[in-house]
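Same order as they appear, the protein sequences are chains A, B, C and D.
Letter by letter, the first sequence follows residues 1119 to 1722 in the numbering used here.
Letter by letter, the second sequence follows residues 797 to 1130 in the numbering used here.
Letter by letter, the third sequence follows residues 31 to 352 in the numbering used here.
Letter by letter, the fourth sequence follows residues 46 to 345 in the numbering used here.
C-beta atoms are modelled at their ideal positions from N, C-alpha and C, and glycine is treated no differently.
All of these numbers come straight from a predicted model, not from anything done at the bench.
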Amino acid sequence: MRLKRVWTVTGLLVATVALGVGVASAGGASGSKQGDSILKIGWAQNPSTINPYVGQDEEAFSIWAINWDLLVNFSPKDLSPTPGIAESWDISDDKKTVTFHLDPNAKWSDGQPITSEDVKYSLEVLGSKGALFTSYTDNITSIETPNADTVVIHTKRPDARIVGGLFIYILPKHVWGKVPVGDLTGSYKPELPLVGSGPFIVTDFEPNRITKMEKNPNFRGPEPKFDEIQFIRYGNQDAAERALQVGEVDMVPEVSAAGFARLGDQPNIETLRASSPAYTQMAFNSCSTKICPDAQYNPAIQDLAVRQATAYAVDRERINQIAARDTSFEAHGMLPSFYKSFYEVPADDYPYDPEKAKQILDDAGWQDNGDSPRTKGGQELKFNLYVRSESPYDIQAAKLVAEQAKAVGIEYDVQVVSTDKLYDLTVRKVNGKPAPDYDTFIWGWGGDPYDPSFLLSVLTTGEIGGSSDSYYSNPTYDRLFKQQAGSFDTAQRKGIIQRMVALTQHDLPYLVITYDPNLEAYRTDRVANVEPTCPEDSTGDAICDQTSYEPLLTIAPGSSSGESGGGGSGIAIAVVAVVVVGVGAFFVIRARRRRDSEPLELDE
Amino acid sequence: MSALLKVSDLRVEYRGQPIVDGVDLALERGEAMGLAGESGCGKTTTALALMKLLPPALKQSGAVTLRPPGVEEPINVGRRTEAGMRRVRWRHVSLVFQGAMNSLDPVQRVDAQIAEAIRLHESAGAKEVRARIDELLTTVGLTPALGRRYAHQLSGGQRQRMMIALALACRPSLVIADEPTTALDVTIQAQVLQLLESLRERLGLALILISHDLGVLAETCDRIAIMYAGRIVETGPVSSVFEAPQHPYTKRLLDSLPVIGGPRALGDPIPGGPPDPGEMPEGCRFRPRCPYAADRCLSDPALRETSAGHASACHFAPWSEWPAAAGAGSLEAG
Amino acid sequence: MSGRWLAGKVAAALLTFAFVLVFNFFLFRVMGDPTTQLARLPQATPEELQQLRHNYGLDKPLMGQFVDYVGDTGRLDLGLSQRSRQPVWSEIKDALPWTLLLVGTGTLLATVIGSWLGVVAATRRGKRTDDGLLGFSLFTYAAPEYWIGIILILVFAVWIPIFPSGLQVTPGVQFSGFFSNAWDVAKHLVLPATAMTLMLLGQYFLIMRSSMVDVLTEDFITVKRATGLPWERVVRRHAVPNALLPLVTLSAIQFGAVVGGAITIETIFSWPGLGELSFQAINDKDFPVLEGTFLVFSAGVILANLLADCLYFYLDPRVQSR
Amino acid sequence: MSGEQAGAAVEVLAQPEFGDEPGTVRELLLGTWRGRFGLAVVALFAFMALFGKAIAPYPPDASSLDVLAPPSIHHLLGTTESGADVLSQVLVGARVSIVVGLAAAAISAVLGSTVGLVGGYFGGWTDRGLDALENWFLVIPTLPLMIVLARLLNPSLTVLIAVIGLTSWAGTGRIVRAQVLTLRERAFVERARALGAGDGYIIRKHILPNTLPLIFANTVLIVAVAILSEAALSFLGLGDPTRISWGTMLENAFESGAPSAQAWWYVIPPGLCITVLVLAISILGYLFEEHVNPRLREHG
């Protein structure tokens, strides 16, 4: 009978679907033994690769920072240099040579000894070929390895970054050395477990789903309380926060500003607002006609009075409240407060004072035209303000800046563009010379954990054509930059840096709006004895993400950790059961009732 | 001897408008009754009403009683429920439709469809059903192998024969054939009619043959009923109705028949068309198109016997001869 | 005889896939020249760019590139993902079963429920149930599927948290056996599959309803009733099978939309299928992956149409004898 | 719901019981309840598109401190994740959705009919080539194609309109081509050709006028498809970042965690507007299609 065929076909379809469930789900069945205590961290994106030569995702750094040591690590207390692969080090008088002494019996997770060869290989090969590691070794002239436990680094000029700023992970040469460099930067897939020196090493990596790290048997430090860490990808921020609420994960290292307040008042969830070496700034086009003859900008943007008036007109406090829901940190100058050992509130801090802004503009001769922008000799205070479409916070901040500047007679026309477009506008070149095509834009920078050199470098003349996007060029600033890079004495270095900040506060190539926060949330019933660290004060971080693995050695499983909450699935089973029974009953009743009913409605 | 089928005052309304407006019929066992009339006069609706197959939107009333052989008390169709009717349908009365092409389920083999009908009314083993089907197919002149085919794999004539086989599956005492041959060409038409004729004699089958083609009815039926606008306007033995039509509508119908061998002219069609159920003319429904209409026709004409077994619903019946189309109302027939 | 009909259909499918290859080649290689994306990497010097164009074979004449392209695709070598540097095909291979699972369940449920509702509506035409069902399916038919998905999350994962709203399995949990794992996947499948079903339901309902209305006016339905068959059996055994036939062909048109739905639904439910992979590729401007998923989607649609033809061929005797 | 789906839906919905007597278009629109519903909804959204900005209680992107606040007297539909008023955004969002819908449908109508006319009328190799192109567009799943095109060019309103227009013309092309094939054989075309009329004249004078009603009816359906496509592309982040449309509202709602915050007042309105508008336009489209194309009434 034809109908039988129809049912056989549907049966076939159901079978394929069930098979699909089996095949697909079998993939995810690997994993730890029963009874292990697991720290589950949920985030929006998993690194697309854990190969340090190729990886460019921020998340990859979180994994690498746990898997490997740096030559010199950062102390979670105040991020100052502490022993990493190198146990101790001494600096030559002329400060151009540093000798590092390694721990003779330190071993890799696969039992091989950690030697100076590994250090030399990592600094030279990863330092020159790694996608994000190339800017740290340009000052190093040579690296010697007199014996297995000593490494001597010679530099052209005294460079404080060698101790506490050399942000290159030390890889096991016996694993990575055998692979030709062409493959390393190509499609090489690191074998697992990822041989490392940190407390946990990667044992399972599925790009779109999960990264598992288990305890490193040969770790030289104290044994961590957790047996395993799992980084679980949720595709978007909101899904990760939901998973925390439901108990599917124990910690979310990067919480959205929108979700921060909401998670805060959940019963067993603790939220942390940690400072970070990053800020969001409004950049003014400071390129002189000599350096950028064909640049496109309204010359009035280079009038100091206009910049300082804008600084006074912008209420940074209100932008933080509205755009970032009060989760960012108030900004004072271009050095984030994260760098505890070098940070001070600069003298001219431009508090919110629209009257003073108007005063400055009047004194500078900018005629007040009421609502329309001020004018002076044919020039008009009307500028474009580019902002990236991918960042809602930047867009919101730009609109607020425009609103507030309009009150004092400066018009900023907010233009939302894609990141690529903004990148093209800032690095635009015309016949070989830089020619930036913008008046102002809002973007952000993120620095290294301890050493502020990178952040300070973006305003040096040397970086024009490199990472400088404001094309600020001030010989005194450049000189001070070299001085601070070479000074090993923190107090002296702090003085130099403060003078640099004062300079930028005066010239205002950047008006820094907020220092970006690290927003974290964790379940107090799953993770115990968490103290804010990196740095150790009220603005501390729970696990020093991407900076130091030491907090991972102290935090311990909470009262009800281990298997994920079973509660949810119980109800789900009940619901599905009810639905099935209901549908079944419906059919039975329908069949019986219909046995002798009237023939149904036929059309007329 | 009581009639096989007795229908009195059958009415069918659709949203208050009468489609079948008081039909009386009687049919003896083994008798063939023709039902003729223009399309839209309610022939098919009447047929479906006999088997209570009308969609619920059509309201049916009036008495229909069946006295099939071997069943003591008469079956009153009017009062039967759907379940009750299901035991009657095909057991005592079966149906043959005009377009056999879509009277058979296109995705089911024809023998399976016949088997389904048989198994509905008799609990018979597979082998016995198989035998019955082969026997049915041979009686209608088809080779049993054809049973394995689908409807679209048979010719027009074969399909119609298959329909007849299906109709005879449960040995009914009455078969209603609604325009069975209209879709066939003349030669095959004759064969099918001839088949129906022979089956009637052999199985003592009563037949109601519905057609708008008087020629077909003349050949096969004993008696004939002419329907117009939901009513029977004339009924009687075929011979007397054809020779001496007693109703102007029947007369015009017969005149429009081309006579074989006669002048090669088209019969003159009857002017106008059947009335719309919504605006039924007063009194005799044919009045607006009747050349002999008169004031008397304004009152409802009843079906009156004009001779033995021959009745007509015309005030002026019986008509001894048909004068040329005089002016309306001028002639008072005797 | 039936073989010829089938061969014809397969040939047509292959021809269409050839078109797809040609158009894909022009669409991606010519418009989205991969090296322009790579130029954006900080350390890409002009020489390296030249080197890259060489090993992508972009300095060969167009025809040569096309032949390479077809050859590579034949060998399932769809290039390397720019982000993870892994072969595109391996990423697609991992994602494909999940999309098949989601789309398969969704289509199956939509077909069964949609056509059942269609039959119910057709047999109650003009009554309230018919209008109600019609309104419901037109609404879900017009509604954007990701909007339905978001509402499902809001209601069934947050307000009444009974179903997980993301991923395809509870992460990191060690499952005792196949069944506990399958059960967990099933739980995660509920919301995305519901969204997919609601999206496709309307079309199947409309097709089935109108096809049933046609079939019920056929003479053989009256004949079946005349033989004394109860009404539900007439509907179930004779009307429905005949009404199912047009459902198979007309629903083949749906497959294009199914793919679109897969992208949006997988994105909001973080379902690791091809849809989410292509969404990821959009954000990262990872052209090789985008091109790969695009090719697989098109091949999927063509294959689905072919399957629909075969299913129709299998079900309808009238076609077999033609 | 993609282009070819709309075509199928026409076939399906143009059932006898759907169309009462196909009197004049006016009767069709005002007579049936479907017509009235469709017209009323389309009129409402047209009003929103024209005057949305003016009647919006707040500037659509003016942020405020009360974030994701439920509906209240001063925010009838509550606020978004940046404190903006949802009602104002919905009102202003109408313009982008409808403008993109109409413009893209126009492009697809022009493109589709030209291809249909040229292919149908001249036949031979041009027809076969154009038919192959149409075939590809019909086979290719439309959303991925739109995504690829939108991603290759920087997202903006014009890009959005062009992308949707370029990918949804195949349906119209196919229908027009079929119509032209029948018209071409008609007597009056033969007669015109016999009288020495050039191809251009014949197309302009005879073929085009006869296919215009068909093109119009089909275009109305494409408008519905275009609105859905714009919303989908915006949701996937490929919309115009500078403007607010219902699609971008849904994207922002989803990205900012509205579902987790159970902000139903932020999630439901934009989606509901899209659905009701698409529903109304589709119904009108079916009515026109069925009025114009009686052949559809006997359901093929």
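For residue 226 of chain C, does the three-state DSSP call read helix, strand or coil? DSSP, reduced to helix, strand and coil, places residue 226 of chain C within a helical segment of the structure shown.
Can you pull the chain C neighbours of residue 1493 of chain A, defined as C-beta to C-beta under 8 Å? Near residue 1493 of chain A there are no residues of chain C at all, since even the closest Cβ is about 39 Å away, more than 8 Å.
Quick one: using the 10 Å Cβ neighbour count with 16 as the cut-off for buried, is residue 93 of chain C buried or exposed? exposed
How many Å lie between residue 374 of chain D and residue 323 of chain C at the Cα? Residue 374 of chain D lies beyond the residue range present for chain D, which begins at 46 and ends at 345; the question has no answer from this structure.
Go ahead and label residue 997 of chain B buried or exposed: buried means 16 or more other beta carbons lie within 10 angstroms of its beta carbon, across all protein chains shown. exposed
Taking the C-alpha atoms as reference points, what is the distance between residue 1593 of chain A and residue 1615 of chain A? 15 Å
Taking Cβ-Cβ distances below 8 Å as the criterion, which residues of the stretch 1342–1361 of chain A are in contact with chain D? 1354, 1355, 1356, 1359, 1360
Segments of 3+ residues assigned as beta strand (DSSP E) that fall wholly inside the stretch 1534–1595 of chain A: Secondary structure in the stretch 1534–1595 of chain A: the beta strand (DSSP E) runs of 3 residues or longer, each lying completely within the stretch, are 1558–1564 in chain order.
Please tell me whether residue 1364 of chain A has its Cβ less than 8 Å away from any Cβ of chain C. yes
Answer with yes or no whether the minimum CB distance from residue 38 of chain C to chain D is below 8 Å. no
Which bits of chain A does residue 91 of chain C rub up against, with CB to CB less than 9 Å? By Cβ distance, chain A contributes nothing, its closest Cβ being about 26 Å from residue 91 of chain C, past 9 Å.
CB-CB length for residue 311 of chain D against residue 113 of chain D, believed under 8 Å: 7 Å
Simplified DSSP state of residue 112 of chain C, which is helix, strand or coil: coil
Anything in chain C within Cβ reach of residue 307 of chain D, meaning under 7 Å, just list it in chain order. Here the neighbours are 184, 188, 189.
Using a 10 Å radius around the Cβ and a threshold of 16 neighbouring Cβ atoms, would you call residue 246 of chain D buried or exposed? With fewer than 16 other beta carbons inside 10 angstroms of its own, residue 246 of chain D counts as exposed.
Determine, for residue 271 of chain C, whether the minimum Cβ-Cβ distance to residues of chain B falls below 8 Å. Interface with chain B (8 Å Cβ-Cβ cutoff): residue 271 of chain C is included.
Anticipated Cβ contact below 8 Å, residue 1270 of chain A with residue 1215 of chain A, distance rounded: 6 Å
Can you tell me whether residue 185 of chain D sits near the ligand SAH, meaning its C-beta is under 7 Å from at least one heavy atom of the ligand? You won't find the ligand SAH in this model; it holds no ligand whatsoever.
Alpha carbon to alpha carbon, how far is residue 1180 of chain A from residue 88 of chain D? 55 Å
Between the stretch 99–119 of chain C and the stretch 294–304 of chain C, do three or more beta carbon pairs fall short of 8 Å? These segments do not touch.
Taking the beta strand (DSSP E) that residue 1348 of chain A falls in, what are its first and last residues? 1346–1351
Beta-carbon proximity list for residue 1100 of chain B, same chain, < 7 Å, skipping 5 on both sides: 1107, 1108, 1113
Segments assigned alpha helix (DSSP H), at least 4 residues, entirely inside the stretch 227–276 of chain D: Counting only runs of 4 or more, we get 232–239, 244–247.
Look at the alpha carbon of residue 1642 of chain A and the alpha carbon of residue 1388 of chain A, and state the distance between them as a whole number of angstroms. Taking the straight line joining both Cα atoms gives about 6 Å.
Hey, could you find the ends of the alpha helix (DSSP H) residue 189 of chain D is sitting in? 187–197
Quick one: Cα of residue 888 of chain B to Cα of residue 1102 of chain B, how far? 33 Å
Please work out which residues of its chain come closer than 7 Å, Cβ to Cβ, to residue 1042 of chain B, disregarding the five sequence neighbours upstream and downstream, and give them in chain order. Result list for residue 1042 of chain B: 1030, 1102, 1106, 1108, 1110, 1113, 1114, 1115, in chain order.
With 16 other CB atoms within 10 Å as the buried threshold, where does residue 1096 of chain B fall? Its Cβ having fewer than 16 others within 10 Å, residue 1096 of chain B is exposed.
Give me the DSSP bridge partner(s) of residue 971 of chain B. BP columns for residue 971 of chain B point to B/890, B/1003.
Buried or exposed: which applies to residue 97 of chain D, given that a residue is buried once 16 or more other Cβ atoms fall within 10 Å of its Cβ? Counting of Cβ neighbours within 10 angstroms places residue 97 of chain D among the buried residues, the total reaching 16 or more.
List the residues of chain C whose Cβ lies closer than 9 Å to the Cβ of residue 295 of chain D, in chain order. Per Cβ cutoff of 9 Å: 174, 176, 177, 180.
For the putative contact between residue 272 of chain D and residue 322 of chain D, defined by C-beta atoms under 8 Å, what is the C-beta separation to the nearest angstrom? 6 Å
Cβ pair count under 8 Å reaching 3, the stretch 1416–1426 of chain A against the stretch 1489–1502 of chain A: yes
Closer than 8 Å, CB to CB, is residue 306 of chain C near chain A or not? It does; some Cβ of chain A falls within 8 Å.
Taking only beta-carbon positions, decide if residue 292 of chain D is within less than 8 Å of chain A. Output row for residue 292 of chain D: interface = no.
DSSP on residue 296 of chain D, reduced to helix/strand/coil? helix
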